[in-house]
Each structure stands twice: as C-alpha cells, then as structure tokens.
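Its first residue numbered 904, the sequence shown is counted upward by one per residue in our numbering.
C-beta atoms are modelled at their ideal positions from N, C-alpha and C, and glycine is treated no differently.
Note that the structure is a prediction, hence the values are computed from the model and not measured.
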Amino acid sequence: MEFKHIPVLLDETISALEIKRDGIYVDGTAGGGGHSEEIAKRLEGGQLISIDRDPDALAVASQRLSPYPQAKVIKGNFSDIREILNQQNIAAADG
Numbered sequence: 904m905e906f907k908h909i910p911v912l913l914d915e916t917i918s919a920l921e922i923k924r925d926g927i928y929v930d931g932t933a934g935g936g937g938h939s940e941e942i943a944k945r946l947e948g949g950q951l952i953s954i955d956r957d958p959d960a961l962a963v964a965s966q967r968l969s970p971y972p973q974a975k976v977i978k979g980n981f982s983d984i985r986e987i988l989n990q991q992n993i994a995a996a997d998g
C-alpha cells in the first residue's frame, strides 16, 4: 500500500507555534511528516519528537526527517505523549 498525506493548515500551524530555534516540539500524529519537517527545518539546538502508530506513516516520516538529526520518529500513540517524553528524558515541550 502506498502512503499519501497532504498536510492541512501547514502555514497556519507553523505560524501559531512561534518556533524557538532551541525549543522542544512534539508532533503527536506525524503522518507523512509534513508538519514535522517544517518544524525541524527551523530548529537549531532544539529537538523534535514525531509520534505515530501507523507503520506506513512511520516509514514515510522517518525518510522525510532523516536529514534532520534534531528529529526523532517514535512508534506510539499521541495519548501516551507523557510516557514517551519521559522515556526521552524530556520534562516539558515548547509546542
């Protein structure tokens, strides 16, 4: 099966996040990684955690985010964000 995803409200989302270059951000539904990629592009010294439970989405997001060492793709459910962040030694996120 081919995975295809078009980010919705991408510009509005990125603008509303007011991304800090050294901030910590979480994408709880990474999908194809469109929003995550735009966040990762803006980070320098920051960190991005992208979460999804769909194996196809994880594969696409992992590939898309591979140029960004500040981005980590994790298999999981957004409802487990607290536990996932604890496992990554992250106490709080900026967005």
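In chain order, 967 and 968 place their CB closer than 7 Å to the CB of residue 940, counting only its own chain and leaving out the 5 sequence neighbours on each side. For residue 944, the enclosing alpha helix (DSSP H) covers residues 937 to 944.
Within a 10 Å sphere around the beta-carbon of residue 936 sit 16 or more other beta-carbons, which makes this residue buried. Between residue 909 and residue 954, the C-beta gap is not smaller than 8 Å, which leaves the two residues out of contact. Between residue 944 and the set 979, 994, 931 and 926, the nearest pair of CA atoms involves 926.
Bounds of any beta strand (DSSP E) do not take in residue 996, whose DSSP letter is neither H nor E. Following the DSSP letters along the chain, one finds residue 957 in no beta strand (DSSP E), marked with neither H nor E.
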